[in-house]
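Each remark here refers to the structure printed beneath this line.
Protein chains: 2
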Amino acid sequence: MGNETFLKACRGEATDYTPVWLMRQAGRYMKEYMAIKEKHSFLEMCRTPELACEVTMQPINAFELDAAIIFADILLPLEGMGIKLEFAKNMGPVITNPVRSRADIDAIRVIDPEEDVPYLLEAIKLVKKELNGKVPLIGFAGAPFTLASYIIEGGGSKNYVHTKSLIFSDPEYWHKLLAKITELTGLYLNAQIDAGAQVVQIFDSWAGCLGPDDYREFVLPYTKKVIESVNGRVPVINFSTSTGTYLEILKEAGGDVMGVDWKVRLDEAWERIGFDKGIQGNLDPTTLFGPVPEMKKRVKEILGQANGRPGHIFNLGHGIILGTPVDNVRALVDAVHEYSQR
Amino acid sequence: MGNETFLKACRGEATDYTPVWLMRQAGRYMKEYMAIKEKHSFLEMCRTPELACEVTMQPINAFELDAAIIFADILLPLEGMGIKLEFAKNMGPVITNPVRSRADIDAIRVIDPEEDVPYLLEAIKLVKKELNGKVPLIGFAGAPFTLASYIIEGGGSKNYVHTKSLIFSDPEYWHKLLAKITELTGLYLNAQIDAGAQVVQIFDSWAGCLGPDDYREFVLPYTKKVIESVNGRVPVINFSTSTGTYLEILKEAGGDVMGVDWKVRLDEAWERIGFDKGIQGNLDPTTLFGPVPEMKKRVKEILGQANGRPGHIFNLGHGIILGTPVDNVRALVDAVHEYSQR
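As you go down the protein sequences, you meet chains A and U in turn. So for the first sequence, my numbering puts the first residue at -8; every next one is plus one. So for the second sequence, my numbering puts the first residue at -8; every next one is plus one.
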């Protein structure tokens, strides 16, 4: 029972108001999160179901959000794949044995989620119990390109030189690598669904470093296959950033809902994607720094662009930024609900 | 007369082949550059006309480029503006007194180029003498938004929180700041033209962090005014990155040639911009890492998209990346010439 607004919107059904959740809604901008973060590393938090559950619930308890998203990371499959991941203090993820050669690609293991990420599946079960139907739970995975570029670059990157060099110099092994990642990502998402995830989101956060032709040839077939592997069991949100110049191609990868950033107006984006799909977005996350009246004006504009059409899920165009005032997050969530009452 | 191909293309006139130059064509990928860089800081190189001239000429002597671009930096006006700039070793630019308050904005001086950047104007004169008409010389400046975001953030930024916070919280002073920067940028460009620059390029490298509506309201009027201040004395190239979702709006800012990155196909970009303007671009700079046959294939594709139409200037979609093999740069320049012979 509970609040089904988000699920309905994912299926393109009419809702009483526009549902809202926020990427990185569990995070360092909340003091409750920092209290746990002070005692545990990020990976410890991910790998301890009780902690992951607690952190997942924090924003649900603090704000009137319409969905929870499991506290996890797109890089959690790496350990099972045989890739060494560390989160250095105050740094992003660092991979000490980045994938650079054919031998490295051959050595990657396709994970068995029950064996390799049992803590994640357990955390999902715990959260589901804790939520007790209050709002739906979202599971997620990195899209094949984003996961591949992470393990090739060994961390964040500015120019993706190693990733693109592999694409340009050894397309055969690029395809081999992506096929492997696609297979394991399918297993990873389905295991989350088995454990109780009611929607899954694919994060292709780095796809925007590619031009449209490269996306179509080297990325699209794999994102598509990952989405197909969910096989309609739950709705899929296909999210990426800086890809607004080729939304028409992204759409071909599938997904019930397309997540878009703020570099394109929501009305234009939806029209280009087509109203047969839902849309998620697309407030500039810096807007949350205030002032609140300006933020609310922008919330109203985005809702106006969506025009009350079924299938709009309100979100930011990217994750909440460190330092965002908690009160503004509350004001945002409430404003979406208030302005979208039908 | 020398090689006028680039100037003709800037004016939309037919040429015997497609001219090519490369953003950051003078830089750390060349050993001749590193030989100077080892003995002098980046700012020393900019501020010593003989060194700036030497470095400007290095790629002209090494490759068959169709234009030179003065060795300088978009941040050179800062000192005259009263803003302290340092290039820390192995780091980007760092501003020790970033602009954050109304008082900071009021304190900014409108530079007098003859007084504040005499070394740049002298370097332009030296290069013109050295070039002796071989190829035209490009001058450049940051666009008002990019310069403003640099001095507000105090360096590079991921989310531009301070810049956007100023826009959202104090639009009156944002406009005041941009008006001031617009005025001084106009003086800065015209002084470069007086000294001998035959084309100028405006770099709005960071505009892509904004959505289309914010660009139109808070940026466009100023870029437009800067371009108008050149008053048709020389052709203007209006370059930005990650702005492919609103090329139609960028075009309103003006410029004879629009510079585009590789997130959009050149044929689509040109059609959206309109064939009344020239287009510059748009090879993915990582392509230069090779293999060369793949790079050449992509050169051919871009030339095919331009379809021999007058007004195409071949370039990368962004600057040459550190570590790019010099031989591949030569192969690129030669391939553009070979494939575009008419």
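Quick reminder that beta carbons are idealized off the backbone N, C-alpha and C, glycines included.
Specify, as a first and last residue, the run of the alpha helix (DSSP H) that residue i falls within.
i              : result
I27 (chain A)  : K22 to K28
P84 (chain U)  : Element bounds for P84 (chain U): not the alpha helix (DSSP H) but the beta strand (DSSP E), P84 to I86.
M72 (chain A)  : L69 to M72
H303 (chain U) : Element bounds for H303 (chain U): not the alpha helix (DSSP H) but the beta strand (DSSP E), H303 to L307.
V191 (chain U) : From DSSP, V191 (chain U) is part of no alpha helix (DSSP H) but of the beta strand (DSSP E) over V190 to D195.
P284 (chain U) : V283 to A297
Check for me: the beta strand (DSSP E) holding residue i runs from which residue to which?
i              : result
L76 (chain A)  : L76 to F78
G269 (chain A) : G269 to L274
I312 (chain U) : I312 (chain U) -> no beta strand (DSSP E), and no H or E assigned at all.
I96 (chain A)  : Element bounds for I96 (chain A): not the beta strand (DSSP E) but the alpha helix (DSSP H), R93 to A98.
S220 (chain A) : Where S220 (chain A) is concerned, there is no enclosing beta strand (DSSP E), although the alpha helix (DSSP H) it sits in stretches over L211 to V221.
V101 (chain U) : Looking at the DSSP string, V101 (chain U) is not in any beta strand (DSSP E), and its letter there is neither H nor E.
I228 (chain A) : V227 to S231
Distance, Cα to Cα, residue i vs residue j?
i               : j              : result
E285 (chain U)  : M21 (chain U)  : 22 Å
P348 (chain A)  : I27 (chain A)  : Missing from the structure shown is residue 348 (chain A); chain A here goes from -8 to 333 and no further.
E121 (chain U)  : M48 (chain U)  : 8 Å
E259 (chain A)  : L238 (chain A) : 10 Å
G272 (chain U)  : E292 (chain U) : 12 Å
I218 (chain U)  : I99 (chain U)  : 22 Å
Y24 (chain U)   : N319 (chain U) : 17 Å
T39 (chain A)   : A114 (chain A) : 8 Å
Q16 (chain A)   : F305 (chain A) : 13 Å
S148 (chain A)  : V90 (chain A)  : 14 Å
P135 (chain A)  : K119 (chain U) : 50 Å
T87 (chain A)   : K288 (chain U) : 34 Å
D97 (chain A)   : R207 (chain U) : 49 Å
L69 (chain U)   : V255 (chain U) : 33 Å
I193 (chain U)  : F33 (chain A)  : 43 Å
I74 (chain A)   : L112 (chain A) : 20 Å
G295 (chain A)  : I270 (chain A) : 14 Å
A326 (chain U)  : R263 (chain A) : 36 Å
V108 (chain A)  : Q183 (chain A) : 10 Å
F78 (chain U)   : E35 (chain U)  : 10 Å
W261 (chain U)  : I228 (chain U) : 14 Å
H303 (chain U)  : C200 (chain A) : 23 Å
V11 (chain U)   : P301 (chain A) : 49 Å
L(-2) (chain U) : I102 (chain U) : 29 Å
H328 (chain U)  : G250 (chain U) : 19 Å
A186 (chain U)  : R2 (chain U)   : 21 Å
F266 (chain A)  : G314 (chain A) : 35 Å
Please find out if some non-hydrogen atom of the ligand SAH comes closer than 8 Å to the beta-carbon of residue i.
i            : result
T9 (chain A) : Judged by which ligands are present, the structure shown has none, so any question about the ligand SAH falls away.
Anything in chain A within Cβ reach of residue i, meaning under 8 Å, just list it in chain order.
i              : result
P282 (chain U) : F159 and S160
F150 (chain U) : Looking at the sequence provided, one finds Asn at residue 150 (chain U) rather than Phe. Ordered by position in chain A, the residues that pass the 8 Å Cβ test against N150 (chain U) are P276, T277 and I312.
E285 (chain U) : F159 and S160
I'd like to know whether the C-beta atoms of residue i and residue j end up nearer to each other than 9 Å.
i               : j              : result
K216 (chain A)  : K242 (chain A) : no
A59 (chain A)   : C37 (chain A)  : no
G146 (chain A)  : V85 (chain A)  : yes
S196 (chain A)  : I312 (chain A) : no
I240 (chain A)  : V190 (chain A) : no
V248 (chain U)  : A5 (chain U)   : no
G(-7) (chain A) : G124 (chain A) : yes
I8 (chain U)    : S331 (chain U) : As written in the sequence, residue 8 (chain U) is Tyr, which differs from the Ile given in the question. Their beta carbons are under 9 Å apart, which means Y8 (chain U) touches S331 (chain U) by this criterion.
P276 (chain A)  : N150 (chain U) : yes
L175 (chain U)  : A139 (chain U) : no
T338 (chain U)  : Y213 (chain U) : Because chain U here runs from -8 to 333, residue 338 (chain U) falls outside it and cannot be looked at.
L117 (chain U)  : E41 (chain U)  : yes
G310 (chain A)  : L76 (chain A)  : no
R93 (chain A)   : D161 (chain A) : yes
Could you list which residues in chain U have their beta carbon closer than 7 Å to that of residue i, in chain order?
i              : result
W400 (chain A) : This structure cannot speak to residue 400 (chain A), because chain A is shown only from -8 to 333.
For a contact meaning CB atoms closer than 9 Å, what does residue i contact in chain U?
i              : result
V85 (chain A)  : Here the premise fails: no neighbours, minimum Cβ distance about 18 Å.
Y179 (chain A) : The contacting residues do not exist; Y179 (chain A) stays about 28 Å from chain U at best.
K155 (chain A) : D275, T277, T278 and F280
So with CB distances below 8 Å, who are the chain U contacts of residue i?
i              : result
T334 (chain A) : As shown, chain A starts at -8 and ends at 333. That puts residue 334 (chain A) outside it, with no answer to give.
Who are the neighbours of residue i on chain A, taking C-beta pairs under 9 Å?
i               : result
G199 (chain U)  : S233 and K254
E(-5) (chain U) : Per Cβ cutoff of 9 Å: no residues; E(-5) (chain U) is ~31 Å from chain A at best.
Could you list which residues in chain A have their beta carbon closer than 7 Å to that of residue i, in chain order?
i              : result
T236 (chain U) : G235, T236, K254 and V255
Alpha helix (DSSP H) runs contained entirely in the region 26 to 50 of chain A, provided each spans 4 or more residues: Uninterrupted alpha helix (DSSP H) stretches at least 4 residues long and entirely within the region 26 to 50 of chain A occur at 33 to 38, given in chain order.
May I have a chain-ordered list of the alpha helix (DSSP H) segments no shorter than 4 residues that lie completely inside the region 121 to 185 of chain U? Taking only runs of at least 4 residues, the alpha helix (DSSP H) segments lying wholly in the region 121 to 185 of chain U are 135 to 144 and 152 to 160.
Any beta strand (DSSP E) of 3 or more consecutive residues that is wholly inside the region 235 to 271 of chain U: DSSP assignment within the region 235 to 271 of chain U yields the following whole beta strand (DSSP E) runs of 3 residues or more, N-terminal first: 248 to 250.
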